[in-house]
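Notes to accompany the following structure.
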């Protein structure tokens with residue numbers, strides 16, 4: 410299963426769009442607090458529209474709790490500071506975790522350093538800071554699904 414992990418998301422519309430991607434692909438969504446919004450905000454609901462009931466959401470109280478619970482799992486940390494490209498990573502056929510940081514500053518440097526060999530980036534033009542978080546998640550999820558042959562029940 411593909412698992413999308415958002416460390417401390419700040420923008421409700423991004424999280425709503427990511428939830429929609431998860432619903433359409435069967436990915437599980439992990440939301441790691443603190444978040445910059447409440448899940449009940451009207452903007453979040455509008456972005457995901459009627460997809461919320463189709464998303465398997467797991468909430469975590471902090472990054473440490475998530476990381477301790479997933480030690481030894483197939484974690485991939487998406488960051489502009491990595492040298493390895495996302496399309497060269499080997500994603501396990503079992504549970505794969507695609508980890509993304511805050512919109513404003515990404516994943517904390519100490520976490521990236523501790524998982525340096527699991528960091529990947531999405532190529533961009535030089536001088537560009539980052540893609541939109543929801544777009545980055547969609548790129549990553551579909552790469553994993555492509556590598557896994559778009560297994561059933563995807564049509």
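Numbering (the working numbering), first residue to last: 410 to 564.
Beta carbons are placed, not taken as given, at the ideal position from N, Cα and C, and that holds for glycine.
If you're wondering where the values come from, they're calculated on a predicted model, not measured in any experiment.
Check your understanding: By DSSP, does residue 542 sit in helix, in strand, or in coil?
Key -> Helix at residue 542.
Review point. Leaving out five residues before and five after residue 507 in sequence, what residues of the same chain have Cβ atoms less than 6 angstroms from its Cβ?
Key: If we look at residue 507 and ignore the five residues flanking it on each side, its Cβ neighbours are 413, 485, 549.
Check your understanding: Are the beta-carbon atoms belonging to residue 512 and residue 426 less than 8 angstroms from one another?
Key -> At least 8 angstroms separates the beta-carbon of residue 512 from that of residue 426.
Practice item. Please report the residue range of the beta strand (DSSP E) in which residue 505 lies. Key: Annotation: the continuous beta strand (DSSP E) that includes residue 505 extends over 505-509.
Review point. With which residues is residue 486 paired in a DSSP beta bridge?
Key: Residue pairing from DSSP places residue 486 in a beta bridge opposite 508, 528.
Review point. If we call anything under 8 angstroms between Cβ atoms a contact, is residue 509 one with residue 464?
Key: Residue 509 is not a Cβ neighbour of residue 464, given a cutoff of 8 angstroms.
Check your understanding: Quick one: Cα of residue 475 to Cα of residue 441, how far?
Key -> Their backbone Cα atoms lie some 7 angstroms apart in a straight line.
Review point. Between the segment 426-438 and the segment 522-535, do three or more beta carbon pairs fall short of 8 angstroms?
Key: Short answer: they don't touch.
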